Amino acid sequence: MLLNSLFYKIWADLWLYKARTLLAVLSIFVGVVCVGALFGLIDLELSTMDAAHRAAKPSHISMILRADADNSLLPKIKAIAGVKDIDALTPLTVRYRLLDKSEWQIGTLVFRPPTAQQKYDLTTSPSNNWPTGEEIAIERLSADYTHQKIGDSVAFETVNVSIITQN
Numbered sequence: 009m010l011l012n013s014l015f016y017k018i019w020a021d022l023w024l025y026k027a028r029t030l031l032a033v034l035s036i037f038v039g040v041v042c043v044g045a046l047f048g049l050i051d052l053e054l055s056t057m058d059a060a061h062r063a064a065k066p067s068h069i070s071m072i073l074r075a076d077a078d079n080s081l082l083p084k085i086k087a088i089a090g091v092k093d094i095d096a097l098t099p100l101t102v103r104y105r106l107l108d109k110s111e112w113q114i115g116t117l118v119f120r121p122p123t124a125q126q127k128y129d130l131t132t133s134p135s136n137n138w139p140t141g142e143e144i145a146i147e148r149l150s151a152d153y154t155h156q157k158i159g160d161s162v163a164f165e166t167v168n169v170s171i172i173t174q175n
């Protein structure tokens, strides 16, 4: 009997305040749809990011040397037990500026082997156009940050060398 009267009170309240009932039902519905869409998109995005990460063949270990080393060191490192393969790159701290701007900024140039010889942390180009001559490739987010566009001229300075090149 108690359950029957409780059900009657709830039903009467819902019927008396139809607009409030409709708003509550719509709010719950929108919340459930948003949570479902959010989890669905997270799952989709994670699988896409995972596939892109695997396609780049990420390195498992990065070894940073304190001094310059020549290529004769590479076979010695590769001969270490458990090392499957190696991929060398050379980072160089530089000062750079666009030729139409006067202030110098600090940056890092990374010298990599040609694309066909890269084994890990693969660098790709959406257009498949790679720099030749005195051109450089700049990573997309770095280009956005520095407001550089294709064809801009950039001046680089290191401790001993000054270079002007184009993106």
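Residue numbers for the sequence shown follow the numbering used here, so the first one is 9 and each next one is one higher.
Ideal Cβ positions, reconstructed from N, Cα and C, are used throughout, including at glycine.
Predicted model only: the values in this text are computed from it and were never measured.
Which term fits residue i, buried or exposed, when burial requires 16 or more other beta carbons within 10 angstroms of its beta carbon?
| i | result |
| --- | --- |
| VAL38 | exposed |
| TYR104 | buried |
| ILE85 | exposed |
| ILE146 | buried |
Where residue i and residue j are concerned, what is the direct C-alpha to C-alpha distance, given to the nearest angstrom?
| i | j | result |
| --- | --- | --- |
| LEU22 | LEU11 | 17 angstroms |
| SER161 | ILE36 | 56 angstroms |
| ARG120 | ASP129 | 10 angstroms |
| ILE231 | VAL102 | This structure cannot settle anything about residue 231, because the visible part of the chain is limited to 9 through 175. |
| HIS155 | ASN136 | 22 angstroms |
| ALA75 | LEU100 | 12 angstroms |
| SER150 | GLY141 | 21 angstroms |
| ARG28 | GLY44 | 24 angstroms |
What is the DSSP secondary structure of residue i, reduced to helix, strand or coil?
| i | result |
| --- | --- |
| TYR128 | coil |
| VAL102 | strand |
| VAL40 | helix |
| LEU117 | strand |
| VAL162 | strand |
| GLU142 | coil |
| SER135 | coil |
| SER150 | helix |
| LEU11 | helix |
Based on Cα-Cα distance, which residue from the options lies nearest to residue i?
| i | options | result |
| --- | --- | --- |
| THR132 | GLU53, ALA64, ALA27 and ALA20 | ALA64 |
| PHE164 | ALA59, GLU53, GLU111 and ALA27 | GLU111 |
| GLN126 | SER150, THR101, ALA45 and ALA96 | ALA96 |
| MET71 | ASP93, LEU52, ASP58 and LEU149 | ASP93 |
| GLY159 | ASP108, ALA59, ILE88 and ALA32 | ASP108 |
| THR123 | GLN113, GLY115, THR116 and PRO139 | PRO139 |
| LEU106 | LYS157, LEU31 and THR29 | LYS157 |
| ILE144 | ALA20, VAL118 and THR166 | VAL118 |
Note down, one range per segment and in chain order, each alpha helix (DSSP H) of at least 4 residues found wholly within the stretch 14 to 100.
26 to 63 and 81 to 86
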